[in-house]
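Residue numbers (this note's numbering): 42 to 678.
Even glycine gets a Cβ: it sits at the ideal position worked out from N, Cα and C.
Predicted model, so just to flag it, every value in this text is computed and none were measured.
One structure is given here, and the rest of the page talks about it.
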Amino acid sequence: MNALPAFGAHACAAALALLAGCAGTTSQEPEHPSATNESSGYTLTVLHINDHHSHLDESSLPLMMATGPTKREPILVPAGGFARVASAMHELASRAPARTIKIHAGDAITGDLYYPLTDGQADADLMNMVCFDTFTLGNHEFDHGDAALKRFIDRLHDGECKTQVLSANVRFGPESALNPTQAPDYVQPWVVLERDSRRIGLIGLTVAAKTQNASRPDPGTTFLEEAASAQAAIDELERLGVDIIVLQSHYGYKADLTLAKQLRGVDAIIGGDSHTLLGPDSMKNHGLAPKGPYPTHTTDRNGKPVCVAQAGHYGYVVGELILQFDITGHLLSCQGTPHALIGTDFKPARRDRAPLSNADVSAIMGEIARSGFLRVTDPDARAVAALAPHQARKLAFGSSVVTHAPHTLCTRRVPGTNAIQGGPGRGENCAADARLSRHGGDTQQLVAQAYLHQARTYFEADLALINAGGVRTDIPAGPVTVKDIYNLLPFNNQLVQLKVSGTMLEAALESAVDAAFAPKPSSGAFPYAAGMRWRVDARQPKGSRLSHIEVQQPDGTYEPLDRTKIYNVATIDFIADGKDHYLPFMKLKEHERVDAGLDATQLFLDYAIDLAKQKRGLTRPATDEYSTQAFVSATDP
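Structure representation (structure tokens):
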């Protein structure tokens, strides 16, 4: 396992002479209309990120780059890192500081070892280096309950920076640590900011169903329907005379486009949740896959223009959206750039390739200058210093090798599809592996097997059950570290024992499978089990997609599920709470659930360590042990 990348300012090399300076450069920066002539209207710049998910370190990404007049090849490029985000935000804001707003559109936490190690302190420290004006609550902000979210907000406000936290559709329960009577002003539906004598209304919006069903808000904390909540906030701002309104939505790109058509009075939607990269088609020349233009132009229900923007994920991109209004506050136009933040320590991606020559680097830098979106950005020194103690702690803890994987273990949420977890680091050839299409993810199945093995050392367990979305990454062949395991299982889940009838177990499985094939599919709900297997036919109607459900017996054979029998099920508290569409489990009585108080990620870590002691590595289970034994997609004849 490579050591975590160290932050440090990149020196300006001679090749950088092709660009106008070393820190914070890109080609074809958007022109900023004059901010001094009010008769020509008003210009507002919105800088934004979303879904950084505790990914604070830079990564090394393979980009297709030109190394000669007719030659293109994969080049490893330093990318992202929150210190680069801070640097880009400061530099871009300095162009028009009186008319710039900085937005984080949600899911700041959960997804990297920094969060469980520091309880959000590292994320708060780095976000305070940017000092966002506003922060939308995403669904993962609720993964650890309302009290943990309050602690994170406290840390976010521990200093001079007082980022406003927004969500117009959350209603905190009476016992919640964030109930307004106990924590006034912690979370507001909207805020009005003044920029150069103009009032700007910003509204937060949190994806409702996903947060309610796939995160862990406190009992009594609920989320209202998105469109109605957004329109109510817009109407209230308009009654106050606010004529420039930006919705910062953690709702998803496609949902934002639909939402714009339902609303009246919104000028721009700054989005998150779907991790959507937007940008020019030329991004494809570099191996990137934009899902639409940046910004995407649409209209509201009255036919007035709305500009929609999102900035990928993990701090790789800072969006710069420039909105031009007339003097009455009507939106005239929008333009902008999704700045992909990179460094200049280039390396060939192919191991058999000779080191890059000066001519190669010169060609790469020339292409960056022409790209329109690649931005050479040095990490911000203050942010580097703020991250350093957290990074040292993470490096010491996460770099310990605990076992090995003799072959790549692939992630796949739903068999028969390419529904793998996004982001860098996917195992080679995972997308095309026929085994995954038949049976689903190796990592999901392995985690289920590990939970069953570990659970049986603490309590009686017939089978183990997990949801696909709780397992986040591939495990590449080679050494496996603590960090790898925490990236694989980043959520602070606890193992529980449920006593469930066969009838309820089948109903829970059907509910989860149906969610994966719903009109708005929740692929993360798809079930994986150890000690149990089935067949799936997605062509069948809702509630009838599973067949041949079998439970493994003590002698290793399988028998059909007995609907009258009570099974001891080892699962995570997230599922036991009925989250992610495992709704039947909400009907369990108190005596039918035993909370073991066992950290699920630690259990998997212990399992990996035990395998290493036995001179065994992490390997995919036997084919006949995969929970999905056969899969028929909805499009099969």
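Just measuring C-alpha positions, the residue of 239, 186 and 300 sitting nearest residue 213 is 186. Taking one beta carbon from each stretch, the region 529-545 and the region 558-577 have fewer than 3 pairs nearer than 8 Å; the two do not touch.
Under DSSP, the beta-bridge partners assigned to residue 672 are 577. Under DSSP, residue 348 shares a beta bridge with 309 and 338.
In this structure, residue 634 keeps its C-beta atom at 8 Å or more from the C-beta atom of residue 611. Linking residue 96 to residue 152 through their CA atoms gives a straight-line distance of about 7 Å. Under the three-state reduction of DSSP, residue 99 is assigned to coil, being neither helix nor strand.
Counting only the Cα atoms, residue 343 lies some 43 Å from residue 99. Shown here for residue 636: same chain residues with a beta carbon closer than 6 Å to its own, the five before and five after excluded, namely 537 in chain order. Rounded to the nearest whole angstrom, the C-alpha separation of residue 176 and residue 314 is 13 Å. Taking 8 Å as the cut-off, the beta carbon of residue 248 is found no closer than this to the beta carbon of residue 241. The three-state secondary structure of residue 366, taken from DSSP, is strand. Residue nearest to residue 566 within the set 106, 615 and 230 is 615 (criterion: CA-CA distance). Counting along the chain, residue 131 sits inside the alpha helix (DSSP H) bounded by residues 123-134. Relative to the Cα of residue 83, the nearest Cα in the group 659, 439, 500 and 373 belongs to 373.
When DSSP states are grouped into helix, strand and coil, residue 560 belongs to the coil group. Spanning the alpha carbons of residue 121 and residue 199 requires a straight line of approximately 25 Å. The region 255-274 and the region 221-229 do not touch, with fewer than three beta-carbon pairs separated by less than 8 Å.
The alpha-carbon of residue 154 is positioned some 10 Å away from that of residue 532. For the pair residue 256 and residue 184, the CB atoms are nearer than the 8 Å cut-off. Bounds of any alpha helix (DSSP H) do not take in residue 108, whose DSSP letter is neither H nor E.
In the structure shown, residue 445 adopts extended strand secondary structure according to DSSP, grouped into three states. Annotation for residue 133: 65, 86, 88, 141, 359, 361 and 380 place their beta carbon closer than 8 Å to its own, counting only its chain and skipping 5 residues before and after. In this structure, residue 245 lies near residue 207, with their beta-carbon atoms less than 8 Å apart. Distance from the CA of residue 583 to the CA of residue 548, rounded to the nearest whole angstrom, comes to 11 Å. Residue pairing by DSSP puts residue 388 in a beta bridge opposite 117.
When secondary structure is reduced to three states using DSSP, residue 664 falls in the helix class.
Taking every protein chain shown into account, the CB of residue 483 has 16 or more other CB atoms within 10 angstroms, so this residue is buried. Residue 125 places its beta carbon less than 8 Å from that of residue 418. Looking from the CA of residue 411, the closest CA among 321, 556, 351 and 370 belongs to 321. As for any beta strand (DSSP E) of minimum length 3 sitting wholly inside the region 226-253, the runs are 231-236 and 239-247, ordered along the chain.
The region 584-624 is shown to contain whole beta strand (DSSP E) runs of 3 or more residues at 587-593, 599-601 and 607-613, in chain order. With a cutoff of 8 Å on beta-carbon distance, residue 144 and residue 181 are scored as not near each other. Taking C-beta separations shorter than 6 Å and ignoring five residues to either side along the sequence, the partners of residue 324 in its chain run 331, following chain order. Beta bridge pairing from DSSP links residue 289 with 245 and 311. Counted as a single uninterrupted DSSP element, the stretch harbouring residue 452 is not any alpha helix (DSSP H), since DSSP gives it neither H nor E.
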